[in-house]
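Step one of this worksheet: look at the structure below.
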Amino acid sequence: MKSFINFTGMAALAVVMVALAASTAEASPAKKDLRASYDGCGVTKGCFGTPSRCLETRDCLAVITYAKADTGYAMEIFGVVAAGVNDVYIAGGLSFDTKMEYTSVTACRNYRGVHVDVVQAFNDKGHANHVLSDPMLGLSNVTASHVDDELYCSFTREASLEIEGLTFDLDNDVFYLEVAKGDLAITGALTHHTNKAVSPDAVSLGDFP
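Using mature numbering (1 follows the signal peptide of the UniProt record, and there is no 0), the letters of the sequence shown correspond one by one to residues -27 to -1, 1 to 182.
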């Protein structure tokens, strides 16, 4: 059995709205059993969440899971948000170091209580974040839901993606895992997180087939 790591302007708005239309996933009307989403952690999939030891108690504020699949990597991002609150996100990141710069970010968002979606974003030097011009870059099989206090997204990510001139090769490289939770700006952009965690060690996502 593998052990798991217990980490724990109007013009701009128009552009964002186009991105939202392109990337919105159909929200499920049924409530997702988030506790069941922890099944397999450390056995069939890798998991990283915050706060510390929350994977054991199955009550994380933010979680990312990953497992190698036939067409890339099956991933989930989920957690608990305040009930009835919209304009929120939970995000997972892959970084070459612990500084959260030059990081591939995938965010699970509820925008304005209308769009529940998954988008690809990037942290620049200095941690400035922006949604990619192609918000669905390398993603398929996307599902997303926000019911009561539970925000959940799943998707398949291509094994290798070039983002902002950097290659994120999940088959051959190791990455520090990051999770974050926060609010959305009026444009749908990710604002500074209210909760975050970074893994103390880099991990190989391919360890869980």
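Quick reminder that beta carbons are idealized off the backbone N, C-alpha and C, glycines included.
Remember, it's a predicted structure, so these values are computed and weren't measured experimentally.
Tell me the DSSP bridge mates of residue i?
i           : result
Leu7        : Answer is none; Leu7 lacks a bridge partner.
Tyr149      : Ser68
Cys126      : Ile50 and Ala117
Lys98       : Lys98 is not bridged to any residue.
Val91       : Cys81
residue 241 : For the chain, the structure presents residues -27 to 182; residue 241 sits outside this window and is missing.
Leu112      : Arg130
Compare the C-alpha of residue i against each of the options and name the closest.
i           : options                           : result
Gly99       : Gly179, Tyr75 and Ala9            : Tyr75
residue 192 : Phe51, Gly65 and Ala170           : The question about residue 192 has no answer, for the chain in this structure spans -27 to 182.
Met73       : Val104, Glu29, Lys18 and Ala153   : Ala153
Ala101      : Asp180, Val36 and Thr164          : Thr164
Glu123      : Tyr39, Tyr46, Ile63 and Glu29     : Ile63
Ala117      : Thr129, Val91 and His103          : Val91
Met48       : Lys18, Leu28 and Tyr149           : Lys18
Cys126      : Ile136, Val115, Ala132 and Val120 : Val115
Ala94       : Gly57, Ala175 and Ser68           : Ser68
Asn34       : Gly22, Ala42, Ala40 and Lys41     : Rather than Asn, the amino acid found at residue 34 in this sequence is Leu. Among Gly22, Ala42, Ala40 and Lys41, the Cα nearest to that of Leu34 is on Gly22.
Gly57       : Asp121, Phe148 and Gly138         : Asp121
Assign residue i to one of two classes, buried (16 or more other C-beta atoms within 10 Å of its C-beta) or exposed (fewer than that).
i      : result
Pro173 : exposed
Gly52  : buried
Ser113 : exposed
Asn145 : exposed
Gly65  : buried
Pro182 : exposed
Ile159 : exposed
Quick test of your reading: residue i and residue j, contact by CB under 8 Å. State the CB separation rounded to the nearest angstrom.
i      : j      : result
Cys20  : Thr44  : Cys20 to Thr44, Cβ: 21 Å. No contact.
Leu134 : Gly111 : 4 Å
Ala132 : Tyr46  : 6 Å
Leu143 : Gly179 : 7 Å
Pick helix, strand or coil for residue i, following the three-state DSSP scheme.
i       : result
Thr(-4) : Interpretation of Thr(-4) is limited by its pLDDT of 46, a score under 50 that renders its predicted location unreliable; the figure taken from the coordinates is listed afterwards. Residue state, collapsed to three classes: strand.
Thr160  : coil
Asp12   : coil
Leu139  : strand
Thr38   : strand
Cys20   : strand
Leu134  : strand
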